[in-house]
Each structure stands twice: as C-alpha cells, then as structure tokens.
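Enquirer: Numbering (the working numbering), first residue to last: 2 to 315. This is the structure, below, for whatever I ask next.
See the structure below:
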C-alpha cells in the first residue's frame, strides 16, 4: 500500500461532524413504527472517530475516498459507502462517520473525481443541479429538458450540462470496477477485518451497491432505493445477505421491485426488504427537506445497524 493510501488529510480524532441532537434515531431512544417494530433501541457507543481523505488505485486511476474509522487500536469490519447521484457530498460523509461511530471502518469513494467528470460535476454545479432536480416530480430526462428550457440562458448554461451528465452520461461500468477496487483496498488495511466487508449505497449508489454484491463476495449488502442489476439474473452471483429499503411513493423505481423479489427467491438468496408507506425516493437524505421522512429514516437506520451486527459483527 502506498504512503498516499495511509495518509490522512485534515484528520481529526473527534466524534462525528453531525450533532446527535440532529439525528434522534441514533440517540438511544425507543422507536415505535408499526406492528413489526417492537421497539428499536439504538445506543451510540462511547467512541471517537478518525476521518480523512485517502487514495486507492481504481480502474480509472487514483480514486480519492473519505475514510472514517474508530479511533485507537483495533480491527473492525469494513463498509464501502456509495454516494448518490449528486456525488460525495456532506450527507455521504456523515453516513460514513455514523458507521465509524458504530464500530466500522467506512470508505466512501468519490466516483466523480476523474477529470472529465470533475470538470462538470463541481460541488457548486451539483448543488445547483440538485436544487433544480429536486423540483421535478421524478427523474425524467424529457421533463428535465422541458424545464431546463424555461431557465434564464446564463443559469441554463451551468445547470444543463450537469443535469445531462447526471441523468445519462455516467460511466457505470468503470464505477463498478472502482468499487471492487475499494473492497480490495479495505482488505489491505491492517485495522480492517478482511473477511467482514459490506457495502451500502443510496439512489444511484444503491444500484451500484447491489451490482457490487454481484461482482465480488461482500458479506452483506444494503440497498437504499437503488435500481436492479441488469440483467436481473446477475443476482445469482450474490454471496451474502441483502437488505433493501424503499419508499412506497417511489413509483418509478418500485415498478421493477417484483422482478428483484422473484429473482432473489428463485436463486434462494438471503433477502430482506422493507417498503415505507408514504416515503418518497431519497427519504433517508436529511439534507433534502423535500424528500426526508424522519420516521422512515429512523427505522431504516436501525435495520441497517441490526443487519450489519448480524452479518459483519458476528
């Protein structure tokens, strides 16, 4: 492993950047959310975390990634955290820190770091594209073009190329290889249990999380509202358990869920799925007040932690 892979930039030995008061579902309180949840008690361990930027070798060269791990000596399970369609933003980094606080080494690659993507998908451009796309009722390229045409020319010149990239111009096969490399990188770290590595992804990253489970033998896979692998028969290659979390109002994505359920049953996979009534796409993203649903997010986080305790901590 190169020295750059070990080097932390602006590393800190503090608790997560997020305030526990902002995330009541990780404060140790009891949650009652329907007859199937008897009482979800989640307690934050008394532990500090170390965070920073690392690099690893991927299919497209050097990949920067945000790494969060428990401070001090120890060997912990690893989790690859895959960002959503808007890139490695604060929301994904916060999730990595939450996992570190729970006793995992979390690696969140920046899949958009290559020059041809970084030139368009800058943080400022992505923020503007996010604001634009959050106003749309669904991720629809035709509708997006219609709404883009209504923008002032100077605003459209910035937002249009970013939206077009996000909706159809992404090298997904390369991303899949970069994520396999992320798993392999975690296995080289002396503080990671090489036989206890899982993955989790959101939206665009949810589909890549499921794809990663098809490509390499991760011990556990979590999918937040992600697309099915293509072809669906690829699920036969999944080795470990899968947890899928979806919003009932995410009708475009949910249209294909029956295919996933059928394939998982056909190939006898360990698959647990939860669909949250009233929850839209991106219900877990607390940075987006339009889609965030607190009760569903609380329950989903608790399910993820229990799932990883069963599969990665055992």
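Quick reminder that beta carbons are idealized off the backbone N, C-alpha and C, glycines included.
Assess, as a yes-or-no matter, whether the region 266 to 283 is touched by the region 63 to 79 under the definition of 3 or more beta carbon pairs within less than 8 Å.
Expert: Contact fails: fewer than three Cβ-Cβ distances are below 8 Å.
Enquirer: If you drop the 5 nearest sequence neighbours on each side, which residues of the same chain put their C-beta closer than 7 Å to that of residue 215?
Expert: Excluding residues up to 5 positions away in sequence, 230, 235, 236, 238, 239 lie with their Cβ nearer than 7 Å to the Cβ of residue 215 in the same chain.
Enquirer: Mind reading off the beta-carbon distance from residue 246 to residue 307? Whole number of angstroms is fine, and I expect it under 8 Å.
Expert: The Cβ separation is near 12 Å, so there is no contact.
Enquirer: Reducing DSSP to helix, strand and coil, say where residue 293 ends up.
Expert: coil
Enquirer: On the three-pair Cβ rule with 8 Å, is the region 142 to 149 touching the region 77 to 96?
Expert: No: the two stretches stay apart, fewer than three of their Cβ pairs being nearer than 8 Å.
Enquirer: For the pair the region 150 to 157 and the region 166 to 185, tell me if three or more CB-CB distances fall below 8 Å.
Expert: no
Enquirer: On the three-state DSSP scale, how would you describe residue 85?
Expert: coil
Enquirer: Does DSSP put residue 239 in a helix, a strand or coil?
Expert: coil
Enquirer: Does DSSP put residue 215 in a helix, in a strand, or in coil?
Expert: Helix at residue 215.
Enquirer: Pull up the distance between the alpha-carbon of residue 87 and that of residue 289, whole angstroms please.
Expert: Distance between the alpha carbons of residue 87 and residue 289 is about 12 Å.
Enquirer: Can you give the Cα-Cα distance for residue 160 and residue 191, rounded to whole angstroms?
Expert: 43 Å
Enquirer: Using the three-state DSSP reduction, which class does residue 195 fall into: helix, strand or coil?
Expert: strand
Enquirer: For residue 107, collect the residues of the same chain with a Cβ closer than 6 Å to its Cβ; drop the 5 residues on either side in sequence, then sort them by chain order.
Expert: 69, 80, 82, 97, 100, 101
Enquirer: Run the CB neighbour count on residue 295, radius 10 Å, all protein chains shown included, and call it buried at 16 or more, exposed below.
Expert: exposed
Enquirer: Exposed or buried, residue 117, counting other C-beta atoms within 10 Å across all chains shown (16 or more means buried)?
Expert: exposed
Enquirer: Since residue 280 is in the beta strand (DSSP E), which residue starts that stretch and which ends it?
Expert: That residue, residue 280, is in no beta strand (DSSP E); it is neither H nor E in DSSP.
Enquirer: For the alpha helix (DSSP H) that residue 71 lies in, which residues bound it at each end?
Expert: Counting along the chain, residue 71 falls outside any alpha helix (DSSP H), though it belongs to the beta strand (DSSP E) covering 62 to 71.
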